[in-house]
Each structure stands twice: as structure tokens, then as C-alpha cells.
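Novice: Mind looking over this structure? Questions follow.
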Amino acid sequence: MLIRTLAAPLLGASCHVVPDGDGCVVVDPGAGVADQVRDAVASAGRRPHAILLTHGHLDHTWSAAELSEEWAVPVLVNEDDAYRLADPVGSLGPLGAQLAAMAGQPAGPPVPTRLETFRADVDMPSVVVGQVRALHAPGHTEGSTVYLVDGPGAEAFALTGDVLFAGTIGRCDLPGGDDHAMAATLRRLARLDAATHVLPGHGPWTTIGDELATNPYLSASR
């Protein structure tokens, strides 16, 4: 399965373009990445079905409203993080203003008008064909979500946002973070198949097996 990962200028946040049926979904379009996403979608010759957000932090959501309106597709986010889309700067605390200033727009990104929410651990709405499943993964934020994607054969992918990175995990000290919730989330992720490809919200791809062997946070959760 050819998943394209693009790095946004703001904090190098990863945006993933994921094939889904005869179309695709776009996951976490951050600040300044919209043109890269357009090019990737056009080169793949696939029509976007939806924009998925792993969580509501603005470095992962900045271009969601723009692309949603352009393509007339919904923005999907776990209901526990929906409030962050309405207040992308304030909901992140002092860091929100800093990131918005870094992006050159102190007021922050526009609010998506086509926002749709879903509950924890449910199949994705029908606009997503069916290769993508949502796994509630709180800890970094209340509504953090890992998207599990079935590839060809036994291949599997986990788009982990800011929950799990190569060698480390996401911060729990920002508004809405929770160390205990993160520990429970890591226990769930540790049970995924070791061959599962991990596509984090920042940094390189890895696998669950490699993280169990080298990431002290994940290995301690078993």
C-alpha cells in the first residue's frame, strides 16, 4: 500500500495521504502543507473522501478547513477533541499562541464548517470506505486517536499522531494530557502485531516490534 507522508513546515508535523477504496483520506494536514497534499492527491489520481485528525492540536489541523472546503469533504475527529477545533489557539494553552505566531497567523487557523465527530473505538463513518478503523488513544489529548489501516495481505499500519513516536511518546503535560490515560493507551498499542508499521505525527516511520525492543515507554507497558 502506497501511503504518502508529507512534512508540514510547522514543527515538521506529518500529514499522511492514505488510499481508501478508489479514493483516499488525508490525515493531519498541518500548517503550510496544503500544496504538498494537493500535489500528492493529484499525482495519485484519487478523490479525497475525508480529512481525518488524530487529535486537535493546531500543528496537525491547520489546513483541514481549507482542504475540506476545497474538496467538499468532512473533517473527522473524536468527539472529545472537537472543542479544540473551535478554539485551536486557546485550547493549547500558552503553546498555542507561540505556534500560531510561528505560522505567521496569530489568530490561528480557520474553524472547519464540515466537522463531523465520532465516538471512541467505532468503525469510521460511511464516507470512509472501510480500510480505516479508529482506536481511542487518550493521553496526549482526551480525544487522541490512532487510525488502524489494513494494507494488502497481512500488512497493517497504525497512524499514531502524537501518541507514539520512534523511541518516545507524546507529551502529557499540555492541557488535556493525562499520564494514566497514556499508560493505558500504550498497553493497548503494545498488543498490536509486531509487524504493524507505525506512522507517527512527527519523525520517521517505525514498527510496533522495533518500539517494543527499543522504546522504553512502550516496552514498559507490556
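For the sequence shown, the numbering used here begins at 459 and goes up steadily by one.
Note that beta-carbon positions come from the ideal geometry of N, C-alpha and C, so glycine has one too.
Comparing C-alpha positions only, which one of VAL656, HIS660, PRO662, ASP497 sits nearest to LEU670?
Specialist: VAL656
Novice: Just to confirm before moving on: does the CB-CB distance between LEU606 and ALA595 stay below 8 Å?
Specialist: no
Novice: Output the distance between the C-alpha atoms of HIS518 and PRO564, rounded to the nearest integer angstrom.
Specialist: 16 Å
Novice: Using DSSP with H/G/I as helix, E/B as strand and the rest coil, what is PRO658?
Specialist: strand
Novice: Nearest-angstrom Cα distance between GLU524 and VAL483?
Specialist: 15 Å
Novice: Since GLU574 contacts VAL604 with CB under 8 Å, what's their CB separation in whole angstroms?
Specialist: About 18 Å; that fails the 8 Å criterion.
Novice: Measure the CB-CB distance between ARG504 and GLY481 and report whether it falls below 8 Å.
Specialist: yes
Novice: Residues in its own chain within less than 6 Å of PRO546 by CB, not counting five upstream and five downstream?
Specialist: LEU516, GLY566, PRO567
Novice: DSSP three-state label for HIS594, please.
Specialist: Three-state result, HIS594: strand.
Novice: Report all residues from its chain with a CB closer than 8 Å to the CB of ASP493; omit the five preceding and five following residues, and keep chain order.
Specialist: none
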